[in-house]
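Below is one structure, written out as structure tokens; the observations come after it.
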Amino acid sequence: MQIEWTAGPEEFAARAAAHVVDCLAEIDTPAIALPTGMTPVGLYRQLLALQAEGEVDLGQGYYFNLDEYVGVAQADSHSFATFLGRYFLDASLIPADHIRLLQGDAGDIAAEARAHDAAVAARGGLDLAILGLGGNGHIAFNEPGVAWTDGTHIVPLTDETRAANAAYFEDGFTVPSQGVTMGIGMLRSARRILLMVSGAAKAEALTMLLAGKTDPAWPVTALCGHPDLILVADEALRPA
């Protein structure tokens, strides 16, 4: 595991962006999985700024979202698709045919999950999975106790995760009880993983990862032993 401790939000975002730029430079048409939540917002701003400066061509990549709420359409203001559009994709100049996002309101979610996997497989698998970390150790929507061999699948969301996500909405939106997510099996198969960890609420989960022992109660520990895992984290979370 390569660990980079960062001293503030600007350095945190810049370090993460540098790894995405490296991926785009090293691979002609990389397949990249994108997270939502506030942790990667600075990363997305950095990437857009770098593109505006001519430092990177985001359009050469192919992009997939990690997860989505079941029953929520992409055009819904509460969807992860809308979030990615607002903070990154809409201003990115990435061709529409280089973007494949989950349809949470698909009539057959299981079939949609298989189609998402097939789209990733058609690109030769993930070259880079960018991940955040939940306070309970979840990565994407893979909650504690989930199988570690799955591709994209439907998952029940814990009350903790639903409450954390509800905090993003001021209109009283009720977070659905289910999500659809890239599974841990798919994430572990990514050639490179960039894990971004920020905020005191993530301290215990990060400690479990750094202990280096796999534990189904902490999904992030499924990443232990990955051959190309990069951790970018707040300096304040560095163990004493």
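No gaps in the numbering here: position 229 of the sequence shown is 214 in my numbering, and each next residue is one more. By construction, the Cβ of each residue, glycine as well, lies at the ideal position given by its N, Cα and C atoms. None of these values were measured; they are calculated from a predicted model.
**Study point:** Cβ pair Y54, I79 closer than 8 Å
**Key:** Counting from 1 along the sequence shown, the entry for residue 54 is found at position 69. Counting from 1 along the sequence shown, the entry for residue 79 is found at position 94. Taking 8 Å as the Cβ cut-off, Y54 and I79 do not qualify as a contacting pair.
Practice item. Look at the Cβ atom of A202, then the Cβ atom of G130, and state whether they are nearer than 8 Å. Key: Translated into positions along the sequence shown, residue 202 becomes position 217. Translated into positions along the sequence shown, residue 130 becomes position 145. Yes.
Review point. F65 by DSSP, collapsed to three states: which one?
Key: Residue 65 sits at position 80 when you count from the first residue of the sequence shown. For F65, the three-state secondary structure derived from DSSP is helix.
**Study point:** Host beta strand (DSSP E) of A18 (start-end)
**Key:** As a first step, residue 18 must be located in the sequence shown, where it is residue number 33. Annotation: the continuous beta strand (DSSP E) that includes A18 extends over 16 to 19.
Review point. Between which two residues does the alpha helix (DSSP H) containing V105 stretch?
Key: Residue numbering aside, residue 105 sits at position 120 when the sequence shown is read from its first letter. Taken as a continuous stretch (DSSP letters only), the alpha helix (DSSP H) holding V105 covers 94 to 107.
Check your understanding: Would you say L172 and A103 are within 8 Å of each other, going by their C-beta atoms?
Key -> Numbered from 1 along the sequence shown, position 187 holds the residue referred to as residue 172. Numbered from 1 along the sequence shown, position 118 holds the residue referred to as residue 103. No, these two residues do not count as a Cβ contact at 8 Å.
Point to revise | Top-ranked residue by Cα proximity to D156, from S62, A3, D82 | key: In the sequence shown, the residue the question calls residue 156 occupies position 171. For the residues S62, A3, D82, the minimum Cα distance to D156 belongs to S62.
Exercise for review: Tell whether a beta-carbon distance below 8 Å holds between Q36 and D13.
Suggested key: In the sequence shown, counting from the first residue as 1, residue 36 sits at position 51. In the sequence shown, counting from the first residue as 1, residue 13 sits at position 28. Their beta carbons are not under 8 Å apart, which means Q36 does not touch D13 by this criterion.
Practice item. Measure the C-alpha to C-alpha separation of P212 and P161 and round it to an integer number of angstroms. Key: If you number the sequence shown from 1, residue 212 lands on position 227. If you number the sequence shown from 1, residue 161 lands on position 176. Within the model, the alpha-carbon separation for P212 versus P161 is close to 35 Å.
Check your understanding: Taking all protein chains shown into account, do 16 or more other C-beta atoms lie within 10 angstroms of the C-beta of R177, making it buried, or fewer, making it exposed?
Key -> Here residue 177 corresponds to residue number 192 of the sequence shown, with the count starting at 1. R177 is buried by the Cβ-count criterion.
Check your understanding: Relative to the alpha-carbon of F158, which residue among N150, V165, G164 has its alpha-carbon at the smallest distance?
Key -> For the purposes of this step, residue 158 is taken as the residue at position 173 of the sequence shown. That would be N150, whose Cα lies nearest to the Cα of F158.
Review point. Nearest-angstrom Cα distance between H4 and N121?
Key: Within the sequence shown, residue 4 is the residue found at index 19, counting from 1. Within the sequence shown, residue 121 is the residue found at index 136, counting from 1. Between the C-alpha atoms of H4 and N121 there is a straight-line separation of about 26 Å.
Exercise for review: Give me the Cβ distance between P204 and N127, rounded to the nearest whole Å; I'm assuming they're in contact under 8 Å.
Suggested key: Here residue 204 refers to the residue found at position 219 of the sequence shown. Here residue 127 refers to the residue found at position 142 of the sequence shown. Their Cβ separation, rounded to whole angstroms, is 5 Å, which keeps P204 and N127 in contact under 8 Å.
Review point. Would P224 be called buried (16 or more neighbouring beta carbons within 10 Å of its own) or exposed?
Key: Residue 224 sits at position 239 when you count from the first residue of the sequence shown. Its Cβ having fewer than 16 others within 10 Å, P224 is exposed.
Review point. Using the beta-carbon count (16 or more within 10 Å), is K187 buried or exposed?
Key: As a working mapping, residue 187 is identified with position 202 in the sequence shown. With 16 or more other Cβ atoms within 10 Å, it is buried.
**Study point:** Through-space distance from I169 to G56, alpha-carbon basis
**Key:** Your numbering for residue 56 matches position 71 in the sequence shown. Your numbering for residue 169 matches position 184 in the sequence shown. Rounded to the nearest angstrom, the gap between the Cα atoms of G56 and I169 is 22 Å.
Point to revise | Within the segment 135 to 170, ranges of the alpha helix (DSSP H) (whole runs, at least 4 residues) | key: Within the segment 135 to 170, the complete alpha helix (DSSP H) runs of at least 4 residues are 144 to 151.
**Study point:** Every unbroken beta strand (DSSP E) inside the segment 22 to 78 [3 residues or more]
**Key:** For the segment 22 to 78, whole beta strand (DSSP E) runs of length 3 or above, ordered along the chain, are 47 to 50, 52 to 54.
Review point. Which word fits T134, buried or exposed, when buried means at least 16 other C-beta atoms lie within 10 angstroms of its C-beta?
Key: Counted from its first residue, the sequence shown places residue 134 at position 149. T134 is exposed by the Cβ-count criterion.
Check your understanding: What number of angstroms, rounded off, separates the C-alpha of A58 from the C-alpha of T24?
Key -> Residue mapping note: residue 58 aligns to position 73 of the sequence shown, counting from 1. Residue mapping note: residue 24 aligns to position 39 of the sequence shown, counting from 1. A58 and T24 have their alpha carbons spaced roughly 23 Å apart.
Review point. Which term fits Y153, buried or exposed, when burial requires 16 or more other beta carbons within 10 angstroms of its beta carbon?
Key: Residue numbering aside, residue 153 sits at position 168 when the sequence shown is read from its first letter. Y153 should be labelled exposed.
**Study point:** N-terminal and C-terminal residue of the beta strand (DSSP E) that E(-11) is part of
**Key:** The residue given as residue -11 occupies position 4 in the sequence shown. In the DSSP annotation of this structure, the continuous segment of the beta strand (DSSP E) that includes E(-11) starts and ends at -13 to -9.
Check your understanding: If you check the beta carbons only, do F73 and L116 fall under 8 Å apart?
Key -> Here residue 73 refers to the residue found at position 88 when the sequence shown is read from its first residue. Here residue 116 refers to the residue found at position 131 when the sequence shown is read from its first residue. A distance of 8 Å or more separates the beta carbons of F73 and L116.
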